[in-house]
Amino acid sequence: MTQPPPPTSRAVARWLQPSHVSAGFVTVLVGYTSSAAIVFEAARAAGAGPAEIASWLWALGLGMGLSCIALSLRYRAPVLTAWSTPGAALLATSLHGVPMAQAIGVFVFASLLAAVAGFSGWFERLMHRIPRALAAGMLAGVLLEFGLGVFGALQHRIVLVGCMLLTLLAARRLLPRYAVALSFAVGLLVATLGGDWHLAALPLRLTRPVWTTPEFAWGPLLGIGLPLFIVTMASQNVPGIAMLRTHGYQTPTSPLIGWTGLLGVVLAPFGGFSFNLAAITAAICMSPEADPDARQRWRAAVWAGVFYAITGLLGASVAALFAAFPHALVAAIAGLALLSTIGNSLSAALADETWRDGALVTFLVTASGFTLGGVGSALWGLLLGMATAAFTRRA
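Encoded structure:
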């Protein structure tokens, strides 16, 4: 009779599931390749040199890694954190002429506001008022660009993306749990055989963090810090909470916002300008491809945290590594990993006829990329969708 594997072996096997590891890696890959360039621009706008830029990446990677691991383990839910991409774009256009010390003061101020908003509970009370159908419509609108990106990349790189797409479809029929991992592996193989990327010239070295003592000046605090707080809460944390709720996770909101804000206060002097809940990348770890059992998907988020921490410790070297991936490969794997989430979100958004008009407006406005007053389309889509729902339901 075959003896069952010992408990230790089973525990190790649970942590080394390929679908968890690949989902975590793809999450970090998409996060870095999609917006790392904006972070570089924000750092340069603040007058950062190579050492300071590496320190910013150290703080951001380490902060995201620790928060992903700690929060996911604490709540047994796939809690993904990220830097604020809209916030980085805001900083890239606003920090010119602002001394580095005052820029760091802006980061501390914005993160402190986020911590207060979280621990005080007012942000959670706001989230309870958002209907599930509208949250799902906003999520689908946020992710639509990535789904369309697969077929945009297919037009230009038909062999690479076509092989990945066919692998995904075949694997979803035969090995659904490993569909994304196999698609990514095939993409790497085709890209390597085609000579699309080269890693030999990428040195790996540990990053040394650089401390900058913050200075607080009213002009930058109100003119940059307050908009940074608003943009991060509206464009990142609102979709991040909606992502969790849409996938059925009832993780308490207040501690998630509070702890990410507090983490920003601690790491701001090293360049950690903002930490918040992830939305787009979080969907990768929450999809059925990460694990058919929703109760086990938190392990994929822990793996994402491990990879984030590694990128932080290696700083700019790992950013250069991710930059070496072919753009078509990154666009394809991001969209393919999110196909199920897009479909499920659209289904949840349009299923209830009572909320259908509002959810449709939310989806369309969010997907359009509409911005006004420096606030992104996710929040405007939600607001216009709620206004539409209030009018049509009353009628």
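In terms of the working numbering, the sequence shown opens at residue 306 and continues consecutively.
Virtual Cβ for every residue (Gly too), placed ideally from N, Cα, C.
- Taken atom to atom, the span from the alpha-carbon of tyrosine 613 to that of threonine 398 is near 26 Å.
- The beta carbon of leucine 321 sits closer than 6 Å to none of the beta carbons in its chain outside the five residues before and after it.
- Within the same chain, and ignoring the five residues on either side of isoleucine 529 in sequence, the residues whose Cβ sits closer than 6 Å to its Cβ are Ser399, Val411.
- A distance below 6 Å between beta-carbons, with the five flanking residues on each side excluded, links leucine 473 to the following residues of its chain, in chain order: Ala484, Ser488, Leu641.
- Sequence-distant partners of valine 447 (beyond 5 residues in either direction) whose C-beta falls short of 7 Å from its own C-beta, in its chain, are Pro544, Ala584, Ile585, Thr671, Ala683.
- For proline 560, the enclosing alpha helix (DSSP H) has its first and last residue at 558-572.
- The C-alpha of glycine 620 lies about 18 Å from the C-alpha of leucine 568.
- In the DSSP assignment, methionine 469 falls within the unbroken alpha helix (DSSP H) covering 463-479.
- Proximity to proline 323 across Pro560, Cys590, Val536, Gly576 peaks at Cys590, based on C-alpha coordinates.
- In the DSSP annotation of this structure, threonine 676 is not part of any alpha helix (DSSP H), being labelled neither H nor E.
- A residue is called buried once 16 or more other Cβ atoms fall within 10 Å of its Cβ, and isoleucine 463, having fewer, is exposed.
- Taking C-beta atoms as the reference points, alanine 587 and alanine 606 count as a pair closer than 9 Å.
- For the options Ala522, Trp564, Leu526, Phe521, the alpha carbon positioned closest to that of asparagine 542 is the one of Trp564.
- Nearest to proline 404 by alpha-carbon distance, out of Arg477, Ala348, Val333, is Ala348.
- The beta-bridge partner set that DSSP reports for threonine 386 consists of Leu582.
- Residue range 632-655 is occupied by the alpha helix (DSSP H) that includes isoleucine 647.
- According to the DSSP assignment, methionine 405 belongs to the alpha helix (DSSP H) that extends over 405-425.
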